[in-house]
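To keep things clear, I will list the structure first and then write my remarks on it.
In my numbering, the protein residues as written are 521 to 683.
So this is what it looks like as structure tokens:
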């Protein structure tokens, strides 16, 4: 009996190992320049807690998608979120205000859910061409009336090449 259990465990381990190796082939094929994620302490996003991500653009001739990533719990109080986004390079700083809808009129969340947490990948700039190769930074701050904004679990930035 113990031999059969060991054989079953060995088969499962081989299958799992094979799957992980196969999946790792696709992980290396990503076109992400940066994919950051920052946990919001105690799920309370304050005005002072800015999300900052630095990255390098090597090829300014390519188009990029820039996205704001957000995760919140089902106890988040609003159907939307306002954020201020500061785009910086070595010389310039541009600030834009964005509003994103997070729920339908009936209260159903629009994000993908996993238990009590809902995730979003919200567009900042699509098919964007950087003016030059070099160092860039994106800084995001919450711009709602509540300080702190509760039940936001984490936020981040995704910059990826357009395929």
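Heads up, the beta-carbon is just placed ideally off N, CA and C, and yes, glycines get one too.
Just so we're clear, the structure is a prediction, and the values are computed from it rather than from any experiment.
Cβ-based burial, residue i [other Cβ within 10 Å; buried from 16]
| i | result |
| --- | --- |
| residue 667 | exposed |
| residue 614 | exposed |
| residue 576 | exposed |
| residue 585 | buried |
| residue 573 | buried |
| residue 592 | buried |
| residue 687 | A question about residue 687 goes unanswered here, because the residues of the chain that appear run from 521 up to 683. |
| residue 682 | exposed |
| residue 610 | exposed |
| residue 662 | buried |
| residue 559 | exposed |
Check whether residue i and residue j have beta carbons under 8 Å apart
| i | j | result |
| --- | --- | --- |
| residue 642 | residue 590 | yes |
| residue 627 | residue 639 | no |
| residue 659 | residue 595 | no |
| residue 622 | residue 600 | yes |
| residue 651 | residue 583 | no |
Range covered by the beta strand (DSSP E) that runs through residue i
| i | result |
| --- | --- |
| residue 639 | 637-648 |
| residue 656 | 654-662 |
| residue 682 | Per DSSP, residue 682 belongs to no beta strand (DSSP E) and is neither H nor E. |
Beta-bridge pairing of residue i - partner residues as DSSP gives them
| i | result |
| --- | --- |
| residue 573 | 658 |
Considering only residues of the region 589-634, which uninterrupted beta strand (DSSP E) runs meet the minimum length of 3 residues and lie entirely inside it, listed in chain order?
600-608, 613-621 and 632-634
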